[in-house]
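**Student:** This is the structure I have questions about; it appears just below.
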Amino acid sequence: MEVRFIDQDLDRLETDPNFDGGHSQGVVKAFRKRMQQIRSAPDERDFYAIKSLHFEKLHAKRSYKYSMRLNDQWRLILEFEGEGAEKGVMIIGIEDYH
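Sequence positions in the sequence shown follow the numbering used here and run -2 to 95.
Below, the structure written as structure tokens:
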């Protein structure tokens, strides 16, 4: 799946081993692991199949966005773009759900 980032810091967080973006090492490690899973997935159905991700569609004003768990406290927010083979994902942010 093709990936774009809404923020340069998120792109850097994935690629720069010395950058933590103000997050703990555990969150950074989980983010990088999720990015590998996202890049290797053909579409979002793979995320629903991995129960530990707790992949879900958000509600109300954010009904076009999705989230997946990084750890018990932090979630990765994303949005899908395009259709079929052209489908990609926009990484929106890392949010604290507590």
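Ideal placement from N, C-alpha and C gives every residue a C-beta, glycine not left out.
The structure displayed is predicted, hence computed values, not measured ones.
Flag this pair as yes or no: are the beta carbons of F16 and D8 separated by less than 7 Å?
**Tutor:** Looking up residue 16 in the sequence shown gives position 19. Looking up residue 8 in the sequence shown gives position 11. No, they are not a contact pair.
**Student:** Taking all protein chains shown into account, decide if E11 is buried (16 or more other Cβ within 10 angstroms of its Cβ) or exposed.
**Tutor:** Stepping through the sequence shown from its first residue, residue 11 is reached at position 14. Buried.
**Student:** Need the endpoints of the beta strand (DSSP E) that M65 sits in, please.
**Tutor:** Taking the first residue of the sequence shown as 1, we reach residue 65 at position 68. Unbroken beta strand (DSSP E) run through M65: K62 to R66.
**Student:** Using the C-alpha atoms, what's the distance from F28 back to Q34?
**Tutor:** By one-based count along the sequence shown, residue 34 stands at place 37. By one-based count along the sequence shown, residue 28 stands at place 31. Their Cα atoms are separated by approximately 10 Å.
**Student:** What's the call for S60, buried or exposed, on a 16-neighbour Cβ count within 10 Å?
**Tutor:** As a first step, residue 60 is located in the sequence shown; it is residue number 63 there, counting from the start. Residue environment for S60: exposed (fewer than 16 other C-beta atoms within 10 angstroms of its C-beta).
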